[in-house]
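For reference, the structure discussed in these notes is given below.
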Amino acid sequence: MWPFVRDNSLGLAFMSAFLVALAGQAVAGHAEFNNQLATDGLAPVGFGAYLASSDFAVDVTENWQSEYLQFFLYIFATVWLLQRGSSESKELGRAGTESDEEQMTGEHAHRDSPRWAAAGNWRGILYSRSLGLVMATIFLLSWLAQSISGVAAYNETQLRRLEAPTSWADYLSSADFWSRTLQNWQSELLAVGSMAILAIYLRQRGSPESKPVGAPHTATGVES
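Each residue of the sequence shown is one higher than the last, beginning at 4 in the working numbering.
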């Protein structure tokens, strides 16, 4: 087991931390939800019922969609946009999708290259953009899930107040939906922009997200 753990430690560590954080969110969210029910004079719900509720679903999905938006935008933006001195940017002058030789695709694919990288048809085109497309798909699906669970949670609150529920289409233009959405988007965009700028001047020894400690501030596209 040790070689497997060593070779996959980054993914295993983050997935484990994700599960711990999700469990913690569920416990804290359940307590907060029942506190709100008590304030409204309603009976508390069990933990299982809370996990199946729209309130828990919308809290989870609104964070997921913003995270995948971050990756989707960053993956596509860094194809064309550059940042002088940042390890998060490609080298200056290399903006664009680059040549087949640089990307090792088609006739320039190596013996151990992925099979679809060597394909010159639609498979090669699709595979060469697969990472961004998958991130965009997960973002859109999680955003859709947020809107569906969000309108359910919103209508549940409306019914508790003896007010009329709203339709999904009307909810998409509501302040509640866009407040939930934009408060996550702005934080993700700030984090990405900060990383790109701070990586120009600051270092983290041994991290591939940082330039070598002794690299000049103007060095671009250089990683440890």
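Every residue gets a Cβ at the ideal spot worked out from N, C-alpha and C, and that includes glycine.
Which word fits residue i, buried or exposed, when buried means at least 16 other C-beta atoms lie within 10 angstroms of its C-beta?
i	result
V216	exposed
D58	buried
V23	exposed
Q189	exposed
F17	exposed
A199	buried
A112	buried
G88	buried
A156	buried
Do residue i and residue j have their C-beta atoms closer together than 8 Å?
i	j	result
V225	S90	yes
T42	A148	no
V61	G123	no
K214	R206	yes
Y71	I128	no
Looking at C-alpha atoms only, which residue of the options is the closest neighbour of residue i?
i	options	result
A222	E70, G96 and A80	G96
Q39	E159, A122 and Y174	E159
L143	S69, L25, N37 and N11	S69
L25	S12, L54 and R9	L54
Give the range of the alpha helix (DSSP H) segment to which residue i is assigned.
i	result
A223	Residue identity check: residue 223 is Thr in the sequence provided, not Ala. Per DSSP, T223 belongs to no alpha helix (DSSP H) and is neither H nor E.
P6	W5 to D10
G153	S133 to R163
M198	A178 to Y204
E104	D103 to Q106
task = Could you say if the region 156-168 and the region 182-191 meet the contact criterion of at least three C-beta pairs nearer than 8 Å?
result = no
Using 8 Å as the Cβ pair cut-off and three pairs as the minimum, do the region 31-51 and the region 106-118 touch?
no
At least 3 beta-carbon pairs within less than 8 Å: the region 71-78 vs the region 127-142
yes
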